[in-house]
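Chains as they are written, first to last, in the numbering used here: chain A, 1 to 369; chain B, 1001 to 1369. These notes concern the structure reproduced below.
Protein chains: 2
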Amino acid sequence: MTGIRRAALIASALALTLVLPALAQETPSDFARLEATQNAANAKPGPRTVPGRAIPVPPTASAELQAIIAAPYRVPNWNADPKSPAEWKELIGRLAAIGATNQKGVREKLGVTLETSTIAGVTVYTLTPKDIPPANLNRLLFHVHGGGYVYNPGEAGTGEATAMAAYGGFKVISIDYRMPPDFPYPAAMDDVMAVWKEVVKMHDPRSMAIFGSSTGGGMTLAMILRARQEGLPLPAAIAPGTPWSDLTETGDTYKTNEWVDNVLVSWHGYLGRAAALYANGHDLKDPQLSPIYGDFSGFPPTILTSGTRDLFLSLTVLTHRKLRRAGVEASLQVFEGASHAQYYIDPFTPESKEAFGEIASFFDKHLGK
Amino acid sequence: MTGIRRAALIASALALTLVLPALAQETPSDFARLEATQNAANAKPGPRTVPGRAIPVPPTASAELQAIIAAPYRVPNWNADPKSPAEWKELIGRLAAIGATNQKGVREKLGVTLETSTIAGVTVYTLTPKDIPPANLNRLLFHVHGGGYVYNPGEAGTGEATAMAAYGGFKVISIDYRMPPDFPYPAAMDDVMAVWKEVVKMHDPRSMAIFGSSTGGGMTLAMILRARQEGLPLPAAIAPGTPWSDLTETGDTYKTNEWVDNVLVSWHGYLGRAAALYANGHDLKDPQLSPIYGDFSGFPPTILTSGTRDLFLSLTVLTHRKLRRAGVEASLQVFEGASHAQYYIDPFTPESKEAFGEIASFFDKHLGK
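Following this line, the structure appears as structure tokens:
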């Protein structure tokens, strides 16, 4: 970095520190000054110049979600930079232990039980709610957890499955697929496909749906591509939430929501590193890694979920549009103020209940009984 | 403004000028520095601190839309600040003359004809496409134009109606309702309701839909509330695009997309002034001015459209969620990189054709023949 650029960055940091309280309580004449600066900076076609700002917590989200929106950046998750497989495993294990403990509490509060079994050699958790309505007795949901292909092994990955079981009244199986650093692509996809292949022998796939958010959303889409390719039956519906449907740095909200999303924060955090670790040299644009490059025609009815502050809002809407252009019934829900996956990270917000309620009613419409 | 705040703003403007080229070609060590600054600035719960940035034009939009995304801020529209009714009228008239000329060219390109008539004393334009498919012969669409209750009188307001006629193959009537400064609330609503009351005597409302974007979207929602209240028939479907459903400064994307949206740019431009001019002392939260405060139960099936850079993305998703919570069939489409109403401002982008195609197929599903 040159001396000038270093000086500029320091000046910027100082200026931000000084100016933000002023902007927060801006007067008309402050605004006029900013307006003039901004009009001048954006007077020619090209990239958009945007000033540093303090963005308030929106009162339009529920009080519960407001607390989550107000939270600091998710350190160390978002910017993890382990230097070796051992360091990755230490971090992953430490976070997963916390996650597993949290999930135990969540299950107790929501009246959901967890059983562990093995299908096709893969660990599978079955989440069962206290009450299953008659319409759902023969239905089974297949959950693929998120976590950037590195986080959430074991019970830490079952949160979304628990919420879906509780709020939708479904029996859910959640797949503990293998992950890097020990098992890069295609281990994760091989595991979920092996389980799918077994499960559809026992359950009518027309009474099943596949769902999962973030990495789990990308894998859900990749599963449909691969099932179609391998001549396996498809589920009656899918719910890829805020799907990591493209492992390359693609999508406008990677820039517009950079530093705004407090979960993923920036592509230049762990995301890019996790993508490389998972791909392990494979082409990132292979539709099995980045399903948005695949052919979506013939996909089952799909419901997608995101938030206005989500770094993956673009991935979600690009996936939605591509599904629609392929003639697929595809529904989109976007939650006010929510960063990446914040519609389910805390299952106790009204927005989480609403998001899972929408998915449940979409499944109810499309799944056989 | 205190001397310290003035100095801070000047320092900020200087720093932005210096730092943006550096950010645009950032190196890993630049990022590490920014990461540390940002983590520190967001280490405690509260508002989100976001740095100044240059946001590139997203290659994920079509080439045609990219040119529109790259455009400078829409001056003088976004920050107009007329000091008198005469100044308002001069600006409105000047922009409307340009708009009317543009629309003539658009109609010629799209093979749509315009006829002018009067219904219930209100000027109404009828837009007729070259070909009307048999299924649409007895269908009629009712268009309410946008423009912040001040812009787009006369033929300038017919662009969206023309695109819908051309891409959907529908006959469309577009209402030239009265506006401020001469005619504040409730003149605009009185006019569209007077026309609606007459039109439903001649056409079966079950074969009709109401649509319009921005102010036209807000008015579409307010029309349903008022029609229900007055015991008038409702249309079979509505398409409020990026609706100005709340005239107060409400919604997270007013902040997250401030200075990002190149159409509306900021609430503190003309928007707030137009809201005050229209309301003319009425409560901005009256559901006839801000329909989001109304009861949406029993609304017709609704399709909403917005973009990821839209200052009204929050208004759109808040309206969508409220409709869904009221049990209304409501569909949401969001376009990558699009600022406010950019899915229709230029009818020749692939995104515009796609947006109107979606609305047309939604109408086809819900309108009687």
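Glycine included, C-beta positions come from ideal geometry on N, C-alpha and C. Nothing here was measured: the structure is a model prediction, and the numbers come from that model.
Short CB-CB distance (under 8 Å) between residue i and chain A
| i | result |
| --- | --- |
| G1148 of chain B | no |
| R1273 of chain B | no |
| I1238 of chain B | no |
| L1020 of chain B | The pLDDT assigned to L1020 of chain B is 44, lower than 50, so where the model puts this residue is not dependable, and the model offers no usable value. |
| K1044 of chain B | yes |
| H1268 of chain B | yes |
| A1070 of chain B | yes |
| S1314 of chain B | yes |
| N1138 of chain B | no |
| W997 of chain B | Here chain B comprises residues numbered 1001 to 1369, so residue 997 of chain B is not present and cannot be evaluated. |
| L1141 of chain B | no |
| L1318 of chain B | yes |
| E1035 of chain B | yes |
| Q1103 of chain B | no |
| G1218 of chain B | no |
| N1152 of chain B | no |
Test item: CB-CB of residue i and residue j under 8 Å
| i | j | result |
| --- | --- | --- |
| P240 of chain A | L304 of chain A | yes |
| G147 of chain A | V1050 of chain B | no |
| V1328 of chain B | T256 of chain A | no |
| G337 of chain A | G307 of chain A | yes |
| G971 of chain B | D1204 of chain B | There is no way to answer for residue 971 of chain B, as the model of chain B reaches only from 1001 to 1369. |
| S1029 of chain B | A1163 of chain B | no |
| F1296 of chain B | A1275 of chain B | no |
| L110 of chain A | P347 of chain A | yes |
| L1323 of chain B | F1299 of chain B | yes |
| F1142 of chain B | I1173 of chain B | yes |
| T1128 of chain B | K1171 of chain B | yes |
| N39 of chain A | V1075 of chain B | yes |
| A85 of chain A | P153 of chain A | Just to set this straight, residue 85 of chain A is Pro in the shown sequence, not Ala. Going by C-beta atoms, P85 of chain A is not nearer than 8 Å to P153 of chain A. |
| P291 of chain A | L232 of chain A | no |
| V1122 of chain B | Y1177 of chain B | yes |
Test: residue i CB closer than 8 Å to a CB of chain B
| i | result |
| --- | --- |
| Y73 of chain A | yes |
| Q333 of chain A | yes |
| I55 of chain A | yes |
| A360 of chain A | no |
| A326 of chain A | no |
| G251 of chain A | yes |
| K285 of chain A | no |
| T256 of chain A | yes |
| R48 of chain A | yes |
| T87 of chain A | The displayed chain sequence assigns Glu, not Thr, to residue 87 of chain A. Not closer than 8 Å to any Cβ of chain B, the Cβ of E87 of chain A fails to qualify, so no. |
| F31 of chain A | yes |
Neighbour-count burial assignment, residue i, 16 or more Cβ in a 10 Å radius
| i | result |
| --- | --- |
| I1098 of chain B | exposed |
| A1024 of chain B | Per-residue confidence for A1024 of chain B stands at a pLDDT of 47, beneath the threshold of 50, marking its modelled position as unreliable; no derived number is given. |
| S1117 of chain B | exposed |
| Q1229 of chain B | exposed |
| D252 of chain A | buried |
| F1356 of chain B | buried |
| D1246 of chain B | buried |
| L137 of chain A | exposed |
| L1016 of chain B | In this prediction, L1016 of chain B has a pLDDT of 42, which is less than 50 and means its spatial position is unreliable; what the coordinates show is noted afterwards. L1016 of chain B comes out buried. |
| K201 of chain A | exposed |
| T1319 of chain B | buried |
| P1350 of chain B | exposed |
| P1021 of chain B | Reliability fails at P1021 of chain B, whose pLDDT of 41 lies under 50, so the model's placement of it is uncertain and no value is given. |
| E1249 of chain B | exposed |
| P133 of chain A | exposed |
| N1102 of chain B | exposed |
| G1218 of chain B | buried |
Distance between beta carbons of residue j and residue i, contact taken as under 8 Å
| i | j | result |
| --- | --- | --- |
| A1032 of chain B | G1168 of chain B | So it is not a contact: roughly 52 Å between Cβ atoms. |
| Q288 of chain A | A222 of chain A | 5 Å |
| V334 of chain A | V1317 of chain B | 4 Å |
| V124 of chain A | T220 of chain A | With a Cβ gap of about 16 Å, V124 of chain A and T220 of chain A do not count as contacting. |
| I370 of chain A | P58 of chain A | Look at the range of chain A in this structure, 1 to 369, and you will see that residue 370 of chain A is not part of it. |
| D191 of chain A | I175 of chain A | 7 Å |
| E35 of chain A | N1079 of chain B | 6 Å |
heavy atom of the ligand SAH below 7 Å from residue i C-beta
| i | result |
| --- | --- |
| I1119 of chain B | With respect to the ligand SAH, the structure offers nothing, as it holds no ligand at all. |
- Message: Please give the ranges of any alpha helix (DSSP H) in the region 1056-1091 of chain B, keeping only runs that are unbroken, at least 4 residues long and fully inside the region.
- Response: 1063-1069
- Which runs of the alpha helix (DSSP H) fall wholly inside the region 1206-1239 of chain B and span at least 4 residues, in chain order? DSSP runs (the alpha helix (DSSP H)) wholly in the region 1206-1239 of chain B: 1215-1229.
- Task: Give, in chain order, every unbroken run of the alpha helix (DSSP H) that is at least 4 residues long and sits entirely within the region 258-291 of chain A.
- Result: 270-279
- Message: Suppose only complete runs of 4+ residues qualify. What are the alpha helix (DSSP H) ranges in the region 23-53 of chain A, listed by chain order?
- Response: 28-41
- Entirely enclosed alpha helix (DSSP H) segments - the region 1097-1125 of chain B, minimum 4 residues: Within the region 1097-1125 of chain B, no run of alpha helix (DSSP H) at least 4 residues long lies entirely inside it.
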